[in-house]
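Report on one structure; see the data block that follows.
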Amino acid sequence: MGDFDDLLKANQEYAADFKDGGFDGIARAGIGLVTCMDSRIDPLGLTGLKPGDAKMIRNPGGRVDDLTLDALVISVHMLNVDRIMIIPHTRCAVASNSEAALRERLDASTGQDTSWLTLPVTDGQAAALVTDVQRVRAHPLIPDSVKVGGFIYDVDTGLLTQEV
Numbered sequence: 141m142g143d144f145d146d147l148l149k150a151n152q153e154y155a156a157d158f159k160d161g162g163f164d165g166i167a168r169a170g171i172g173l174v175t176c177m178d179s180r181i182d183p184l185g186l187t188g189l190k191p192g193d194a195k196m197i198r199n200p201g202g203r204v205d206d207l208t209l210d211a212l213v214i215s216v217h218m219l220n221v222d223r224i225m226i227i228p229h230t231r232c233a234v235a236s237n238s239e240a241a242l243r244e245r246l247d248a249s250t251g252q253d254t255s256w257l258t259l260p261v262t263d264g265q266a267a268a269l270v271t272d273v274q275r276v277r278a279h280p281l282i283p284d285s286v287k288v289g290g291f292i293y294d295v296d297t298g299l300l301t302q303e304v
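Residue numbering for the sequence shown follows the numbering used here, beginning at 141 and increasing consecutively.
Now the structure itself:
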């Protein structure tokens with residue numbers, strides 16, 4: 141058995157009933173979502189959206205870094221996005237650990253010095269969310285007409301709360 145056979149088999153079942161072909165790739169609901177890569181988060185499900193409705197950008201901590209900003213500019217100008225939701229979550233390892241603690245875990249796991257690796261830790265999730273929303277709003281290529289909001293997703297209740 142190959143390393144990915146289980147997933148390829150599941151894909152065959154998925155493709156047998158696939159009805160989402162032919163989309164043009166734009167965000168039909170005009171939504172851009174920035175959230176964490178945490179597997180407890182279902183970005184479409186928690187917002188009531190469907191495949192094709194939104195552009196999703198995921199990274200550790202759901203932070204707005206330079207690559208995220210680049211993706212948002214493309215999403216706004218080429219993919220129909222006019223509302224952006226930045227959604228970090230509760231009990232996030234990036235938001236609840238220091239850089240030193242995360243680096244220690246990575247060093248132990250890899251057996252190597254990971255000091256060169258960028259870790260997007262936050263020194264307070266609420267303040268980081270405000271900073272990220274302001275960063276998107278201030279970007280010269282994202283027009284003022286684009287609505288940007290900051291939200292916290294509670295991984296224990298499923299509730300989304302607007303903070304910014």
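Glycine included, every Cβ here is placed at the ideal spot set by N, Cα and C. Computed from a predicted model, the values in this text were never measured in an experiment.
Query                                                                                                                                                              : Result
Fully enclosed by the segment 156-241, which beta strand (DSSP E) runs are 3 residues long or longer?                                                              : 171-176, 194-199 and 223-227
Using a Cβ-Cβ cut-off of 7 Å (strictly less than) and excluding sequence neighbours within five positions of residue 166, which residues of its own chain qualify? : 219 and 220
Is residue 300 helix, strand or coil when you go by DSSP?                                                                                                          : strand
Buried or exposed, going by whether 16 or more other CB atoms sit within 10 Å of the CB of residue 293?                                                            : buried
With which residues is residue 286 paired in a DSSP beta bridge?                                                                                                   : Paired residue(s): none; residue 286 is not in a bridge.
Out of 243, 174 and 239, state which residue places its alpha-carbon closest to the alpha-carbon of residue 253.                                                   : 243
Within this structure, are the beta carbons of residue 177 and residue 203 separated by less than 8 Å?                                                             : no
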